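Undergrad: A single structure is presented below for examination.
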């Protein structure tokens, strides 16, 4: 009984209430040595979900800003729909709670399936209203110490039509590239690029068990 209580406390309070940072170094061919670009990546914030109230969202923003990122990217699912124990948060309030992100190269975003299930255009307008650039099958560029970095935002595969080929074919083959999309199932469709593709949606498995791994993964590729 004590073990069951401890597991319940971990599963429903301690683990989902934590804020942690994962750091990953991605070397790019041709990128000048000793000049790293720090990119903060966040996704599936789901404002209004259990443990994700206005106070927690502002804490996420503050923790992110303390990492001194040069660029911040948001990978979708800013709202919730019908989550047990959650309270729907209006897109304008979500954007307001996330409005203080700070990075010299700006904040870029794509939308996720929950966003489009609710009102993707409204959520896009809310994010753009606080100064963030939303990309859907679009390209933008930033310049970091004289080096051009291409940002390619692809539409959510679950609810929209990601135009992978046409978007990425517009990027020079050797250009430093960061592809943004909500779900990882697009990975096999991404051609070789001089950069990295960033996706989310799976919540890191949401529930990970010893030896079993993540029994439920919202991807056609499951745990692969």
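Residue numbers (this note's numbering): 491 to 714. For every residue, glycine included, the Cβ atom is placed at its ideal position computed from N, Cα and C. From a predicted model like this one, the values you see are computed outputs, not experimental measurements.
Which whole-angstrom value is the C-beta distance of residue 587 and residue 544, which I expect to be below 8 Å?
TA: Looking up residue 587 in the chain shown gives position 97. Looking up residue 544 in the chain shown gives position 54. In this structure residue 587 is in contact with residue 544, their Cβ atoms being roughly 5 Å apart against a cut-off of 8 Å.
Undergrad: How far does the alpha helix (DSSP H) with residue 577 in it reach, from first residue to last?
TA: The residue you call residue 577 lines up with position 87 of the chain shown. It is not in any alpha helix (DSSP H) - residue 577 carries neither H nor E in the DSSP assignment.
Undergrad: Does residue 491 pass the burial test, meaning 16 or more other C-beta atoms within 10 Å, or should it be called exposed?
TA: Along the chain shown, one-based indexing puts residue 491 at 1. Exposed, because fewer than 16 other Cβ atoms sit within 10 Å of the Cβ of residue 491.
Undergrad: Does residue 531 come out as helix, strand or coil in the three-state DSSP assignment?
TA: Your numbering for residue 531 matches position 41 in the chain shown. Strand.
Undergrad: Who are residue 642's beta bridge partners in DSSP?
TA: The sequence position of residue 642 within the chain shown is 152, counting from 1. In DSSP, residue 642 forms a bridge with 629 and 669.
Undergrad: When the Cα of residue 708 is compared with those of 602, 659 and 632, which residue comes out closest?
TA: Indexing the chain shown from 1 puts residue 708 at position 218. Minimum Cα distance to residue 708 is reached at 602.
Undergrad: Is the distance from the Cβ of residue 742 to the Cβ of residue 599 below 8 Å?
TA: Since the first residue of the chain shown is 491 and the last is 714, residue 742 is not available in this structure.
Undergrad: Is it the case that the Cβ atoms of residue 629 and residue 611 are separated by a distance below 8 Å?
TA: In the chain shown, counting from the first residue as 1, residue 629 sits at position 139. In the chain shown, counting from the first residue as 1, residue 611 sits at position 121. Not in contact: residue 629 and residue 611 (Cβ atoms no closer than 8 Å).
Undergrad: Measure from the alpha carbon of residue 655 to the alpha carbon of each residue in 581, 649, 643 and 648, then state which is nearest.
TA: Position 165 of the chain shown, counted from the start, is the residue given in the question as residue 655. Of the candidates 581, 649, 643 and 648, the one whose C-alpha sits nearest the C-alpha of residue 655 is 643.
Undergrad: From which residue to which residue does the beta strand (DSSP E) around residue 686 run?
TA: Numbered from its first residue, the chain shown carries residue 686 at position 196. Unbroken beta strand (DSSP E) run through residue 686: 684-688.
Undergrad: Please return the same chain residues whose Cβ sits closer than 7 Å to the Cβ of residue 667, not counting the five positions on each side in sequence.
TA: On the chain shown, position 177 is the one that residue 667 refers to. Around residue 667: 640, 642, 661, 683, 684 and 685.
Undergrad: Are the stretch 497-505 and the stretch 518-532 touching, with three or more C-beta to C-beta distances below 8 Å?
TA: no
Undergrad: Applying the criterion that 16 or more other CB atoms from any shown protein chain within 10 Å of the CB defines a buried residue, is residue 622 buried or exposed?
TA: By 1-based counting over the chain shown, the position of residue 622 is 132. Its Cβ being crowded by 16 or more others within 10 Å, residue 622 is buried.
Undergrad: Would you kindly check if the distance between the Cβ of residue 537 and the Cβ of residue 569 is under 8 Å?
TA: Residue mapping note: residue 569 aligns to position 79 of the chain shown, counting from 1. Residue mapping note: residue 537 aligns to position 47 of the chain shown, counting from 1. In contact: residue 569 and residue 537 (Cβ atoms closer than 8 Å).
Undergrad: Based on the DSSP output, what are the partners of residue 634 in its beta bridges?
TA: Here residue 634 corresponds to residue number 144 of the chain shown, with the count starting at 1. Note: residue 634 sits in a beta bridge opposite 637.
Undergrad: List the residues that DSSP assigns as beta-bridge partners of residue 601.
TA: Taking the first residue of the chain shown as 1, we reach residue 601 at position 111. Per DSSP, none; premise fails for residue 601.
Undergrad: Given that a residue counts as buried once 16 or more other Cβ atoms are within 10 Å of its Cβ, and exposed if not, what is residue 496?
TA: Counting from 1 along the chain shown, the entry for residue 496 is found at position 6. So residue 496 ends up on the exposed side.
Undergrad: What do you reckon, are the CB atoms on residue 571 and residue 608 nearer than 8 Å?
TA: Within the chain shown, numbered from 1, the residue matching residue 571 stands at position 81. Within the chain shown, numbered from 1, the residue matching residue 608 stands at position 118. Yes; because the gap between Cβ atoms is below 8 Å, this pair is in contact.
Undergrad: If you drop the 5 nearest sequence neighbours on each side, which residues of the same chain put their C-beta closer than 6 Å to that of residue 710?
TA: On the chain shown, residue 710 is found 220 positions in, with the first residue counted as 1. Excluding sequence neighbours, residue 710 sits near 675.
Undergrad: Could you spell out the range, first to last residue, of the alpha helix (DSSP H) harbouring residue 613?
TA: In the chain shown, residue 613 corresponds to position 123, counting from 1. 610-619 is the extent of the alpha helix (DSSP H) around residue 613.
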